[in-house]
Amino acid sequence: MSQVFRDAVSIEALNAMSRNTLIEHLGIVFTAAGDDWISATMPVDERTRQPYGILHGGASVVLAETLGSSAGNLCVDTSAQVCVGLEINANHIRATRGGQVTGTARAVHVGRSTHVWDIRIEDDAGRLVCTSRLTLAVVPAVRPG
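This is how it looks when you write it as structure tokens:
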């Protein structure tokens, strides 16, 4: 897919918007972007592991939705529209106990009313941990007050 983002992606701005949110609490950090993809890392630690010592599947889904939703909103004029999650699925392929995981969201479909994003999450060795697909609805932006 060719260029899908409206403007050049600012990794610094994405990370700044994440402050004081679940994204920051889980240690998710945006790291890179291309014409139709963005990436972020997340630690596998006490915040993201389940009681059996492996990465919690829900944490993987948070990373996937964070990446896909952020990418979708980079494709629209957020003063008029926003992208919100409509459906997400995830297949957990491999357990991981430490280090960090890296997720990359790539555009599958960027339409006027829906987007579809494919998100791959890999461990430090580049092995697939989770694959996810996120469908976003493009809705009117709600103005406060």
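Count along the sequence shown from 1, add 1, and you get the number used in our numbering. Positions of the beta carbon are idealized from the N, C-alpha and C atoms, including for glycine.
| query | result |
| --- | --- |
| Quick one, are the C-beta atoms of His-33 and Ile-122 less than 8 angstroms apart? | Before going further, note that residue 33 is Ala rather than His in the sequence given. Not closer than 8 angstroms, so no. |
| Out of Glu-25, Val-45, Gln-4, which has the shortest C-alpha to C-alpha gap to Gly-98? | Correcting the residue identity first, residue 98 is Arg in this sequence and not Gly. Answer by Cα proximity: Val-45. |
| Whether or not the stretch 94-110 and the stretch 129-137 are in contact is what I'm after, with contact meaning three or more pairs of Cβ atoms, one per stretch, closer than 8 angstroms; do they touch? | yes |
| On the DSSP letters alone, give me the boundaries of the beta strand (DSSP E) that Ser-133 sits inside. | 129-141 |
| How is the beta strand (DSSP E) around Leu-87 delimited, first residue to last? | 82-93 |
| Starting from Val-77, trace the beta strand (DSSP E) in both directions and tell me its first and last residue. | No beta strand (DSSP E) contains Val-77, which DSSP labels as neither H nor E. |
| Which residue or residues does DSSP assign as beta-bridge partners of Met-18? | Met-18 is not bridged to any residue. |
| For Leu-75 and Arg-7, which I take to be in contact (beta-carbon distance under 8 angstroms), what is that distance rounded to the nearest angstrom? | 7 angstroms |
| Assign Leu-15 to buried or exposed, taking buried as 16 or more other Cβ atoms, counted over all protein chains shown, within 10 Å of its Cβ. | buried |
| Just the C-alpha distance for Leu-87 and Arg-95, rounded to the nearest angstrom, thanks. | 26 angstroms |
| Expressed to the nearest angstrom, what Euclidean distance is found between the alpha-carbon atoms of Ala-9 and Ala-108? | 16 angstroms |
| Rounded to the nearest angstrom, what separates Ser-80 and Gly-54 at their Cα positions? | 42 angstroms |
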